[in-house]
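Numbering (our numbering), first residue to last: 23 to 257. Glycine included, every Cβ here is placed at the ideal spot set by N, Cα and C. Structure first, then comments.
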């Protein structure tokens, strides 16, 4: 009797353990809902998203416009400063020819208007190619820019050959006018050489803004020569 009485608590404890296991399994299969559910981020409404995208696009467009205006202003400042510099040199040359008529006549006896006319044709042809580069599309830029640079190099070669002939013929006897002649035409020649290098650089890596910039500066160089040619060689 004592043995049977002592076994009953053990059987009861086993039953309790099994019942607890069944409850735990049931809880794991159907867990209770959590007390605190993290708030989910609401998606942005389509209309609001479109409005924000439009505002961003407008802001970017305004920034690009302001940047373009700044670049355009700097370009025109450079253009007018170059025109002012060449204008001052040409005025000084004209005044000196009036004051020193004998030196002017000696200077022109050593000049070669034929070579200068050839250079005029070369420079105008170069400017025409630069204009074609501006009008052309993205794939039609390199060729006219390369041709414009080629005409520029030809201009420089003819001008250096002209200098060589003039120096050998004794143009230095014209005194101050000879110095002004080399100053004016040499300053222009430096611009041609520099512009030719920029043309080649832009032809290598073209962009719309750079093509317009170099074409504008190149047309200024053309314009200066078209004014310089009659003043220096034909007046």
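Residues near residue i by beta carbon distance below 7 Å, same chain, minus five either side
i	result
residue 244	145, 146, 149
residue 104	242
Assigned secondary structure, residue i (DSSP; H/G/I helix, E/B strand, else coil)
i	result
residue 191	coil
residue 166	helix
residue 137	helix
residue 229	coil
residue 244	helix
residue 197	coil
residue 161	coil
residue 15	In the structure as shown, the chain begins at 23 and stops at 257. Residue 15 is therefore absent and cannot be evaluated.
residue 257	coil
Beta-carbon proximity of residue i to residue j, cut-off 8 Å
i	j	result
residue 257	residue 119	yes
residue 142	residue 209	no
residue 249	residue 112	yes
residue 133	residue 178	no
Close beta carbons around residue i, own chain, < 8 Å, minus the five adjacent residues each side
i	result
residue 151	166, 167, 169, 170, 173
residue 183	137
residue 180	137, 140, 141, 144
residue 101	238, 239, 242
residue 130	255
Range covered by the alpha helix (DSSP H) that runs through residue i
i	result
residue 125	123-132
Cutoff 6 Å; reference residue i; Cβ partners in own chain excluding five residues on either side
i	result
residue 135	255
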